[in-house]
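See structure below.
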Ligand SMILES: Nc1ncnc2c1ncn2[C@@H]1O[C@H](COP(=O)(O)OP(=O)(O)OP(=O)(O)O)[C@@H](O)[C@H]1O
Ligand SMILES: [Mg+2]
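Residue numbers (the numbering used here): 49 to 415.
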């Protein structure tokens, strides 16, 4: 087991820089998820840690040792890919044993490790089968098993569940988490699926366009997103954003259409009279039955999902679109006007130019 440190990592392909100085400390035994949209550089970072890509600038340490110039074989890591990359002509047993065999491990030690891993992964009854005789989830487990038997210092995963159907993905996600709790091996996991990231990660690194926008626990990035990008990326349905005006005393924000919300944070006063971006998550609205809410929503359409209801509409008389998520089943007619409440501590404020979070950042304000 080992800690992994990225120190100001850069990567260019030819003249194009795709990773622009990413730093991150991953503690021994931690499960870290690299999360971001397609093309943001997740696989590139993982491949640099694995040694499959050269680093243009910066340093990578594994277990306190700089590995920039070490071959993948010598880094003591194991990587699980999206497409499993199993050998089709070999049995499950041989697929799992192969990496140990080429490292000339004694036969009885190989046998012991494969049996142990197969046991842990529920593959004991399938060791004689070929990959084509397995389900997608079982193949994924064999790919995991092949890494486990190596007993590496670090596991790297590149979207390992993306080929599985939705139900199996949920099951494998739980299995992965259990496995991690059992083995405690430092793990770095790449995905663009925020639910996977939120449920698996001790810590998330949110990447955007080759930059690390925010590093924090799943709840930190949900409750205190540090940039507009993170705020919009984490959470489904996505956070609502409004152009809003801070009142002259800094005690309120005024939304398009004239509705106004009280602010908690006195630190906002430097923005008095200025326009900012206000973010409100769909799940943080409540309907005020007696009509005394602070925001007004003109209903456009409603989706009843069973467990909850998504209400889409417009703010007051404006064309500003709003998504609201309410628990349980609700039936609202088109053009009905709902009176909504939102707690001041659930407001997210961002600077319009820098797109960075402003005020409202103290723990007790948001939690
Ligand atoms: N060999 C290469 N040559 C040139 N550009 C590359 C190469 N590999 C990746 N890139 C570019 O680097 C950027 C990051 O790619 P990367 O594969 O790391 O993205 P990703 O976050 O893993 O995306 P996805 O979710 O689609 O897998 C992209 O803009 C991509 O086009
Ligand atoms: Mg990728």
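We put the CB at the ideal spot given by N, CA and C, even for glycine.
Between which two residues does the beta strand (DSSP E) holding residue 105 run? Residue mapping note: residue 105 aligns to position 57 of the chain shown, counting from 1. Counting along the chain, the beta strand (DSSP E) containing residue 105 begins and ends at 105-110.
Practice item. Starting from the Cα of residue 401, find the closest Cα among 344, 322, 372 and 342 and give me that residue. Key: Taking the chain shown and counting its residues from 1, the one referred to as residue 401 is at position 353. Looking at the Cα atoms, 322 is the closest of the given residues.
Beta-carbon separation of residue 195 and residue 128 under 7 Å? Residue 195 sits at position 147 when you count from the first residue of the chain shown. Residue 128 sits at position 80 when you count from the first residue of the chain shown. Closer than 7 Å, so yes.
Just curious, the beta strand (DSSP E) that residue 388 is in, first and last residue? By one-based count along the chain shown, residue 388 stands at place 340. 385-389 is the extent of the beta strand (DSSP E) around residue 388.
* To do: May I ask whether a heavy atom of ligand 1 can be found less than 6 Å away from the beta carbon of residue 87?
  => The residue labelled residue 87 in the question sits at position 39 within the chain shown. Yes, the Cβ of residue 87 comes within 6 Å of a heavy atom of ligand 1.
| request: Counting only the same chain and skipping the five closest in sequence on each side, list residues whose C-beta sits under 7 Å from that of residue 370. | output: For the purposes of this step, residue 370 is identified with residue 322 of the chain shown, where counting begins at 1. Once the five neighbours on either side are set aside, the close Cβ partners of residue 370 are 288, 345, 361, 362 and 363.
Within 7 Å, strictly: CB atoms of residue 255 and residue 89: By 1-based counting over the chain shown, the position of residue 255 is 207. By 1-based counting over the chain shown, the position of residue 89 is 41. Between residue 255 and residue 89, the C-beta gap is smaller than 7 Å, which places the two residues in contact.
- What do you reckon, are the CB atoms on residue 269 and residue 252 nearer than 7 Å? Taking the first residue of the chain shown as 1, we reach residue 269 at position 221. Taking the first residue of the chain shown as 1, we reach residue 252 at position 204. The Cβ atoms of residue 269 and residue 252 lie closer than 7 Å to each other.
Exercise for review: Find the nearest neighbour of residue 325 within the set 294, 164 and 241, judged by alpha-carbon distance.
Suggested key: Looking up residue 325 in the chain shown gives position 277. Nearest neighbour of residue 325 by Cα position, chosen from 294, 164 and 241, turns out to be 294.
Buried versus exposed, by CB contacts within 10 Å (16 or more), residue 100:
What you label residue 100 is simply residue 52 of the chain shown in a count that begins at 1. Classification of residue 100: exposed, given that the 10 Å Cβ count is below 16.
**Q.** Shell residues, 7 Å Cβ cut-off relative to heavy atoms of ligand 2
**A.** Answer in sequence order: 90, 91, 206, 207 and 238.
- 3 or more residues per run - each beta strand (DSSP E) lying fully within the segment 276-315: As far as the segment 276-315 is concerned, its whole beta strand (DSSP E) runs of at least 3 residues are 288-294, 300-302 and 308-310.
**Study point:** Cβ-based burial, residue 424 [other Cβ within 10 Å; buried from 16]
**Key:** Missing from the structure shown is residue 424; the chain here goes from 49 to 415 and no further.
| Roughly how many angstroms separate the alpha carbons of residue 67 and residue 94, rounded to a whole number? | Residue 67 sits at position 19 when you count from the first residue of the chain shown. Residue 94 sits at position 46 when you count from the first residue of the chain shown. Using only the alpha carbons, I get a separation of about 12 Å.
(request) Pull up the CB-CB distance for residue 51 and residue 75, whole angstroms please, since I reckon it's below 8 Å. (result) What you label residue 51 is simply residue 3 of the chain shown in a count that begins at 1. What you label residue 75 is simply residue 27 of the chain shown in a count that begins at 1. Yes, residue 51 and residue 75 are in contact; Cβ-Cβ is about 5 Å, under 8 Å.
* State the start and end residues of the unbroken beta strand (DSSP E) segment that holds residue 262. => The residue labelled residue 262 in the question sits at position 214 within the chain shown. That run of the beta strand (DSSP E) goes 259-264.
So residue 164 is in the alpha helix (DSSP H); what residue range does that whole segment cover? For this step, residue 164 is matched to residue 116 along the chain shown. Counting along the chain, residue 164 sits inside the alpha helix (DSSP H) bounded by residues 155-169.
Coarse secondary structure for residue 122, derived from DSSP in three states: On the chain shown, residue 122 is found 74 positions in, with the first residue counted as 1. Reduced to three states, the DSSP call for residue 122 is helix.
Cβ pair count under 8 Å reaching 3, the segment 70-86 against the segment 256-275: Output reads yes: the segment 256-275 touches the segment 70-86.
| said: Check this for me: beta carbons of residue 276 and residue 403, under 7 Å apart or not? | reply: Within the chain shown, the letter at position 228 stands for residue 276. Within the chain shown, the letter at position 355 stands for residue 403. Yes; because the gap between Cβ atoms is below 7 Å, this pair is in contact.
**Asked** Given that a residue counts as buried once 16 or more other Cβ atoms are within 10 Å of its Cβ, and exposed if not, what is residue 391?
**Response** By one-based count along the chain shown, residue 391 stands at place 343. So residue 391 ends up on the exposed side.
Applying the 10 Å Cβ sphere with the 16-neighbour rule, what's the burial state of residue 384? In the chain shown, the residue the question calls residue 384 occupies position 336. Residue 384 is exposed by the Cβ-count criterion.
Problem set entry | Extent of the continuous alpha helix (DSSP H) to which residue 91 belongs | Residue numbering aside, residue 91 sits at position 43 when the chain shown is read from its first letter. Note, residue 91: alpha helix (DSSP H), 90-98.
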